[in-house]
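Report on one structure; see the data block that follows.
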Amino acid sequence: MVIELLMKKFDRSKKLYKKAIAVIPGGVNSPVRAFSAVGGNPLFIESARGSKIHDVDGNSYIDYVLSWGPMILGHAHPRIVRALRNAIEKGTSYGAPTALETKLAELLIRAYPSMDKVRMVNSGTEATMSAIRLARGFTGRDKIIKFEGCYHGHSDGLLVKAGSGAATFGVPDSAGVPAAYARDTITLPYNDVPTIKATIEREWRSIAAVIVEPVAGNMGCVLPKKSFLSTLRKITKKYGVLLIFDEVMTGFRVSFGGAQAYYGINPDITCLGKVIGGGLPVGAYGGKNEVMSVVSPEGPVYQAGTLSGNPLAMTAGIETIKELSKPNTYKKIGEKSSMLKEGLVDAAKRAGIATKFYMAGSMFCTYFTGRHVIDYRTAKASDTEKFSRFFSGMLQRGINLAPSQFESGFLSLAHTSKDIEDTIKSSYDVFKSL
Ligand code: HOZ
Numbered sequence: 002m003v004i005e006l007l008m009k010k011f012d013r014s015k016k017l018y019k020k021a022i023a024v025i026p027g028g029v030n031s032p033v034r035a036f037s038a039v040g041g042n043p044l045f046i047e048s049a050r051g052s053k054i055h056d057v058d059g060n061s062y063i064d065y066v067l068s069w070g071p072m073i074l075g076h077a078h079p080r081i082v083r084a085l086r087n088a089i090e091k092g093t094s095y096g097a098p099t100a101l102e103t104k105l106a107e108l109l110i111r112a113y114p115s116m117d118k119v120r121m122v123n124s125g126t127e128a129t130m131s132a133i134r135l136a137r138g139f140t141g142r143d144k145i146i147k148f149e150g151c152y153h154g155h156s157d158g159l160l161v162k163a164g165s166g167a168a169t170f171g172v173p174d175s176a177g178v179p180a181a182y183a184r185d186t187i188t189l190p191y192n193d194v195p196t197i198k199a200t201i202e203r204e205w206r207s208i209a210a211v212i213v214e215p216v217a218g219n220m221g222c223v224l225p226k227k228s229f230l231s232t233l234r235k236i237t238k239k240y241g242v243l244l245i246f247d248e249v250m251t252g253f254r255v256s257f258g259g260a261q262a263y264y265g266i267n268p269d270i271t272c273l274g275k276v277i278g279g280g281l282p283v284g285a286y287g288g289k290n291e292v293m294s295v296v297s298p299e300g301p302v303y304q305a306g307t308l309s310g311n312p313l314a315m316t317a318g319i320e321t322i323k324e325l326s327k328p329n330t331y332k333k334i335g336e337k338s339s340m341l342k343e344g345l346v347d348a349a350k351r352a353g354i355a356t357k358f359y360m361a362g363s364m365f366c367t368y369f370t371g372r373h374v375i376d377y378r379t380a381k382a383s384d385t386e387k388f389s390r391f392f393s394g395m396l397q398r399g400i401n402l403a404p405s406q407f408e409s410g411f412l413s414l415a416h417t418s419k420d421i422e423d424t425i426k427s428s429y430d431v432f433k434s435l
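The numbering used here puts the first residue of the sequence shown at 2, with every later residue one more than the last.
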């Protein structure tokens, strides 16, 4: 078989994995990195530059994982590397305010006019967890609504019918989450306008917030129906429920102003992460003054962090956003994205494989199904066995995709036309072999 002829060697990754599983659960520090859903061992990475990632066995791949989204400029971008080198000389953490924090906050607020103020945290999980506490503190209500297959990090109340690794490994309702916490989380189908309307009309007195991924990137890539986000905005406003956009994935990705600019909807609270840290650990949440003024020390909602606003992370974030602010950046990445989209759709068609492809800005997913994917139920209908074979075939040909059907792929500004042509060509060969 062709695949056997291509066989890459993963001996050193295998050896390192064996050592890792002795001291780290599953050998990985985040479950999504495991290859259990697609078979085999995770790749151990040596380095990455531009659009390429290199493993410890000397294999190189065109990378569409991009550290799960942050590396929109490509890996080891010279501007970021230079800025970090300078910053590191000045110390790595102070636990005290810096001008860098204010600078990044200003850049975020300028790009997201729905926010007057923003608080820096260390991850997307912290951002969404804090946003929920803020919504509860602000409204005096306890319940929240989330959508099936959406993933908002791993805090207790949000690990209910969750996407990402929770969906991949079949634990959408994680063990260890007290039933009492989960009871305050109402889960509804994504894109189901009548159900969300009826639920809020019935239960608004106890509902603090609706949290949503405006493009759902943790069950593949599911686009919002036109009426879904606008209904959410209208109905939450009417009943004093806060609308939280989890833009950890979509922020600076779907467009410079995120999904809120792309779809023209202003949420009450925005959560950011990934791109705004340029590859360093960062999250942020923000909103209008009225809401943010209840955050400690201005108000009674407590939230804190030793490394929050870390100078290295702020530096990488500032430089990333400045680079993204250059003229035509999103036009360029948009052109690359269209090329990839057209090529992958055409390759599947020519190979006679039923797929559905979805893309928002530079995030995307191919599902192995002939039916439209609009929510978690339809995403789960994708043929995951076919996906696994597609994943392995692509990996053998030097294309790194996320090792799960229920994750989004990402493109960077560093991907060249040649990268994309090679990806399309490989995809045709693999589709054909399915
Ligand atoms: N949102 C990312 C995956 N969908 C998180 C990556 C992780 O869980 O490690």
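Yeah, the Cβ is synthetic: ideal placement off N, Cα and C, and Gly gets one too. Please read all numbers here as calculations on a predicted model, not as lab measurements.
Practice problem: List the DSSP bridge partners of lysine 20. | Solution: In DSSP, lysine 20 forms no bridge with anything.
Exercise. Go through the segment 187-249 residue by residue and report every complete run of the alpha helix (DSSP H) that reaches 4 residues or more, in order.
Key: 194-204, 227-239
Quiz item: Who are the Cβ neighbours of asparagine 290 in its own chain at under 7 Å, not counting the five residues just before and after it?
Solution: Asp117, Lys118
Practice problem: Determine, using beta carbons only, whether alanine 314 and leucine 281 come nearer to each other than 8 Å. | Solution: yes
Quiz item: Per DSSP, what kind of secondary structure is tyrosine 95 in: helix, strand or coil?
Solution: coil
Quiz prompt | Delimiting residues of the alpha helix (DSSP H) encompassing methionine 395 | solution = 385-397
Practice problem: Assign tyrosine 377 to one of three DSSP states: helix, strand, or coil. | Solution: helix
Practice problem: To the nearest angstrom, report how far apart glycine 27 and arginine 203 are at their CA atoms. | Solution: 43 Å
Quiz item: Skipping 5 residues on each side, what residues in its chain have a beta carbon closer than 6 Å to that of leucine 341?
Solution: Ile421
Quiz item: Does ligand 3 have a heavy atom nearer than 7 Å to the CB of tryptophan 205?
Solution: Ligands present in the displayed structure are limited to ligand 1, and ligand 3 is not among them.
Quiz item: What is the DSSP secondary structure of serine 418, counted as helix, strand or coil?
Solution: helix
Quiz item: With 16 as the cutoff for other CB atoms within 10 Å, does serine 418 come out buried or exposed?
Solution: exposed
Quiz prompt | Nearest to lysine 426 (by Cα), restricted to the options Gly344, Gly241, Trp69 | solution = Gly344
Self-check item: Proximity to glycine 335 [Cα-Cα], best of Leu308, Met364, Arg351
Solution: Met364
Exercise. Quick one: grab the DSSP three-state call for aspartate 56.
Key: strand
Quiz item: Cβ of valine 33 versus every heavy atom of ligand 1: is any distance shorter than 7 Å?
Solution: yes
Quiz item: Who are the near neighbours of serine 338 in its chain, counting only those whose CB is closer than 8 Å to its CB and skipping five residues on each side?
Solution: Met360, Gly362, Ser363, Phe365, Leu412
Quiz item: Does the segment 174-192 come close enough to the segment 142-151 to have 3 or more Cβ pairs within less than 8 Å?
Solution: yes
Quiz item: Nearest to isoleucine 73 by CA position, among Asp157, Gly287, Asn30, Val255, is which residue?
Solution: Val255
Self-check item: Cβ-heavy atom distance, tyrosine 152 to ligand 1, below 7 Å
Solution: yes
Self-check item: Secondary structure, alpha helix (DSSP H): runs of 4+ residues fully inside the segment 257-326
Solution: 259-264, 290-293, 312-325
Exercise. With hydrogens ignored, establish whether the beta-carbon of glycine 166 is closer than 7 Å to any heavy atom of ligand 1.
Key: yes
Exercise. Taking all protein chains shown into account, decide if alanine 167 is buried (16 or more other Cβ within 10 angstroms of its Cβ) or exposed.
Key: buried
Quiz item: What first and last residue would you give for the alpha helix (DSSP H) that runs through aspartate 347?
Solution: 330-352
Quiz item: Is asparagine 123 near ligand 1, in the sense that its beta carbon is under 7 Å from a heavy atom of that ligand?
Solution: no
Quiz prompt | contact_flag[the segment 383-393, the segment 234-252] where n(CB pairs < 8 Å) is 3 or more | solution = no
Quiz item: Quick one: is the Cβ of asparagine 219 within less than 7 Å of any heavy atom of ligand 1?
Solution: yes
Quiz item: Between which two residues does the alpha helix (DSSP H) containing glutamate 127 stretch?
Solution: 125-140
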